[in-house]
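Note sheet for the following structure.
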Amino acid sequence: MDPDAGGSTAAPLPPASTAGASAASATVAEEGGGKQVMVVLVGPPGSGKSTFAEAVLGGSAAGRTWSRVCQDTIGNGKAGTKIQCLKAAADALKEGKSVLLDRCNLEREQRADFMKLGSHVHVDVHAVVLDLPAKVCISRSVSRTGHEGNLQGGRAAMVVNRMLKNKETPLLTEGFSRIMFCKDNNEIKKAVDMYSALGPSDSLDSGVFGQNSKGPVQVGIMKFLKKPGSSAEKSGGHKVRPNESIPQMQNHISEQQNLEVGGTCTVESVKELSNSKKIEDQSRESVLSDISSRTLAFPSISTADFQFDLDRASDIIVDAVADILQKYDNIRLVLVDLSHKSRILSLVKEKAAKKNIKSSRFFTFVGDITQLQSKGGLRCNVIANAANWRLKPGGGGVNAAIYNAAGEDLQRATKECADTLRPGSSVAVPLPSTSPLHQREGVTHIIHVLGPNMNPMRPDCLKNDYTKGSKILHEAYTSLFENFVAIVQSCMGKQNTEPALEKPATAVTSPNDSKTKRECNHDSERTKKHKLVQPNTSSNQAREGDSKRSGVTTTKTWGSWAQALYELAMHPENYKNSDSLLEISDDFVVLNDLYPKAKRHVLVVSRKDGLDSLADVKKEHLPLLRRMHSAGVKWAQKFLEEDSSLVFRLGYHSVPSMRQLHLHIISQDFNSASLKNKKHWNSFTTTFFLDSVDVIEEIDQRGSATISSDDRVLAMELRCHRCRSAHPNIPKLKSHIASCKSSFPSHLLQKDRLLSSSTMHMDCT
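For what it's worth, my numbering labels the leading residue of the sequence shown as 1306, then goes sequentially.
Structure, rendered in structure tokens:
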């Protein structure tokens, strides 16, 4: 069946056809006493809709004329549109035929126009829901060949999963007079027999059958208010009960005793699958063998425009591939290049063979990465892009090709995940189903990855520092592969992707988990902070900072993106020309937060090595903390001179996202487009934010700061920081804050926790 079951949201009824169909239906009802039926088949690809329709057509011997309307073949033997199906259905009803609507119809919106057609021409509309296990549908879709709609192979599994997620169960309130659920082969066979035996004067009971009950669910009240003359009972014709079959159909039934209605296979071929357990076993094997959903195609990173040495790059590729394949059993990696003469392909192939990496799990491929399936016959649901740091289209090579092939959908989807990318990192982007690359090649995800630059004509050149460059490139491939594993685990429910070794502590996102996505967006915001700073990759190893937090010893691991503040604090002279850098001293630097969460938001960053966060601060560091606090007060006063309406708060995050101790000076208006989610808000308005004056006082008295590592406060409901009223989302919260005139909580009005023009004036006095 067509993957998107039509696609259009609302199609106008063909006026001429439906008018004729209405008259024809009325004539048939008067002359024959019966009533035409439109049977809407509901089910994903592989559920057996086409086989069901063909079985009814081939087995109908009771005199009722049926017409099959199939979207996969309606366009002169090729897939068509919902509008074409509507017209064909209307024409068939006009000719006095009953209709079998052979399309997915999984969503109410996709059924709506056909319900209008049925109501307009006064025919009963039935739904037959082929509610088979997803495994069975996927197995059939993947293994079938010669499908009318060409939905088969690896892409079919992805389509079935996607469609089932959006499935909406048919209801009588939509306008159906009868809904029948078929959950196994026997129920499907009974439904086929029943419609095959339906004569011109016969009708079926109204109601819902087969949904968690043996009898029909009571019909809606409107059915009982209908005039007697408008019902099918007026015909006085024979009513066929759900479990009843007509004697003359027994021969036909016996010929199809083992019929399993599914896919587009013939009756003879489906007999082999009559054993339910055998089907499920075969389904599982088929799903797990769907290698396309577990295949990543990736180009060589940094070896083209960034001019990384090919021999070194090939060593890194092979090492990174070997590492990830050792950890995960059921993934396949493919290195892609355009030319058969590619030097990087030949080097990698040779070195992979020496490492005894199985060619079934990693191999090289010559072709266009945006046309692997259509031109090369290689099915890959996930491809990697050698991106630029801005995550923008343009330039040349792979980046330009992928953005061109995927269209504007990729730009929009990328922007939702991240704005920039640091060398050595990657970001996974779910590709919308509307993207041409998704529709044509079956690509569901694109992973943007950025490596090191050795090209002096490009920004951030490492000037042949291959020690640092090799480390960054290895990090880039590791990040790429880990993001790919996360996608596979998400899509396949971790069925066969459990790691053989312990997974690294790298944060990877599950694109289908809404909670994880929100956290991913938050992490992306952190990743793009201070883009004037290149991470100090030589310091990327985990550091242990042991401190007393109520007697608990903690360890913090910093990702490469989190090193930005450390690099700036250690080497501020490299960034003197940056507009973000406000002040440099021997003890600290002051800079604007590049993604401020308020009108004014600056950071005072310690320059002392070894002070990653408050957890590392001891009593001997009190003079430094006091100097940082004084610097914060000075800059708050400067900003108040420019805008006296502002109110400032100075403090630290309990568990910072960036390495190197830093103090926030932030205005309390929180009027900033960069404040986007719950984590942003709660990190500055809950106990997660520790006021500078309290930190100094506690360290002076106890020798260390009491820090809670419980970050559940970041997921708390959104509450106004003034009146504490709750709000459902950030836009409504911001709208409230803009007009809230309530006083700040009493504890913030003490000990100079808040700085305003009035408090600063009093201090001066």
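We treat Cβ as the ideally placed atom computed from N, Cα and C, and that holds for glycine. Since this is a predicted model, take the numbers as computed values, not measurements.
Given a cut-off of 8 Å, decide if residue j and residue i are closer than it, judged by their beta-carbon atoms.
| i | j | result |
| --- | --- | --- |
| MET1933 | LEU1968 | yes |
| ALA1692 | ASN1704 | yes |
| LYS2095 | SER2009 | The shown model of the chain, from 1306 to 2070, leaves out residue 2095, and the question about it has no answer. |
| SER1977 | ALA1903 | yes |
| ILE2035 | ASN1982 | yes |
| VAL1465 | PRO1350 | yes |
| LEU1406 | TRP1371 | no |
| SER1911 | ALA1874 | yes |
| ILE1662 | ALA1627 | yes |
| LEU1736 | ASP1714 | yes |
| VAL1952 | LEU2059 | yes |
| VAL1494 | GLY1515 | Residue identity check: residue 1494 is Lys in the sequence provided, not Val. Contact: no. |
| ALA1367 | ALA1502 | yes |
| LEU2075 | ILE2012 | A query on residue 2075 cannot be resolved here, the shown segment of the chain reaching from 1306 to 2070 and no further. |
| THR1783 | ALA1625 | yes |
| PHE1603 | VAL1653 | no |
| VAL1344 | TYR1500 | yes |
| VAL1793 | ARG1599 | yes |
| PRO2116 | GLN1676 | The structure shown does not extend to residue 2116, since the chain is modelled only from 1306 to 2070, so the question has no answer here. |
| ASP1999 | LEU1966 | no |
| PRO1728 | ILE1777 | yes |
| SER1444 | GLY1480 | no |
| TRP1694 | THR1739 | no |
| CYS1685 | LEU1601 | yes |
Mind checking who residue i pairs with in its DSSP beta bridge?
| i | result |
| --- | --- |
| GLU1888 | VAL1895 |
| PRO1604 | VAL1641 |
| MET1343 | VAL1404 and VAL1430 |
| THR1669 | LEU1640 |
| ASP1996 | GLY1956 |
| HIS1967 | VAL1910 |
| ALA2031 | ARG2024 |
| TYR2060 | As written in the sequence, residue 2060 is Leu, which differs from the Tyr given in the question. LEU2060 is bridged to PHE1953. |
| SER1972 | PHE1953 |
| LEU1435 | CYS1487 |
Report the CB separation of residue i from residue j in whole angstroms; it is logged as a contact under 8 Å.
| i | j | result |
| --- | --- | --- |
| HIS2026 | THR1990 | 4 Å |
| ALA1413 | PRO1505 | Looking at the sequence itself, residue 1413 is Arg, so the reference to Ala does not match. Going by Cβ atoms, the distance from ARG1413 to PRO1505 rounds to 31 Å, so no, they are not a contact pair. |
| VAL1909 | ILE1971 | VAL1909 to ILE1971, Cβ: 12 Å. No contact. |
| PHE1613 | GLY1348 | No, PHE1613 and GLY1348 are not in contact; Cβ-Cβ is about 51 Å, not under 8 Å. |
| ARG1467 | ASP1510 | The pair is not a contact, with the Cβ atoms about 35 Å apart (cut-off 8 Å). |
| ILE1751 | ILE1688 | 6 Å |
| PHE1667 | ALA1657 | 6 Å |
| SER1731 | VAL1748 | Wrong, their Cβ atoms sit about 16 Å apart, outside the cutoff. |
| ASP1396 | VAL1342 | Rounded, the Cβ-Cβ distance is 16 Å, inconsistent with contact. |
| ALA1733 | ALA1781 | Not confirmed; about 14 Å, so no contact. |
| PRO1761 | PHE1611 | So it is not a contact: roughly 11 Å between Cβ atoms. |
| VAL1374 | ALA1394 | 5 Å |
| GLU1746 | SER1644 | Going by Cβ atoms, the distance from GLU1746 to SER1644 rounds to 20 Å, so no, they are not a contact pair. |
| ARG1637 | LEU1615 | The Cβ separation is near 24 Å, so there is no contact. |
| ALA1462 | SER1448 | Actually they do not touch by this definition, with Cβ atoms about 10 Å apart. |
For chain C, check one thing: does any of its Cβ atoms lie closer than 8 Å to the Cβ of residue i?
| i | result |
| --- | --- |
| MET1485 | Going by chain labels, chain C is absent from the structure shown, which holds only one protein chain. |
Quiz item: On the three-pair Cβ rule with 8 Å, is the stretch 2003-2013 touching the stretch 2039-2058?
Solution: Judged by Cβ distances under 8 Å, the stretch 2003-2013 makes no contact with the stretch 2039-2058, as fewer than three pairs qualify.
Quiz prompt | Inter-stretch contact (C-beta, 8 Å, three-pair minimum) for the stretch 1877-1895 and the stretch 1945-1964 | solution = Using a Cβ-Cβ distance cut-off of 8 Å, the stretch 1877-1895 and the stretch 1945-1964 are not in contact, since fewer than three pairs of beta carbons, one from each stretch, lie closer than that value.
Exercise. Can you check the stretch 1868-1952 for any alpha helix (DSSP H) of at least 4 residues that lies completely inside it and give the ranges in chain order?
Key: Qualifying alpha helix (DSSP H) stretches, in chain order: 1869-1875 and 1927-1947.
Practice problem: Say whether the stretch 1925-1932 touches the stretch 1869-1883, bearing in mind that this needs 3 or more beta-carbon pairs closer than 8 Å, one atom from each stretch. | Solution: The stretch 1925-1932 vs the stretch 1869-1883: no contact.
Self-check item: Continuous alpha helix (DSSP H) assignments of at least 4 residues falling wholly in the stretch 1686-1767
Solution: You should have 1702-1711, 1713-1722 and 1741-1746.
Practice problem: Please confirm if the stretch 1383-1400 is in contact with the stretch 1418-1432, defined as three or more CB-CB distances below 8 Å between the two stretches. | Solution: The answer is yes - the stretch 1418-1432 touches the stretch 1383-1400, with three or more Cβ pairs under 8 Å.
Self-check item: Whole alpha helix (DSSP H) elements within the stretch 1350-1408, 4-residue minimum
Solution: If we require 4 residues or more, the alpha helix (DSSP H) runs fully inside the stretch 1350-1408 come out as 1354-1364 and 1387-1399.
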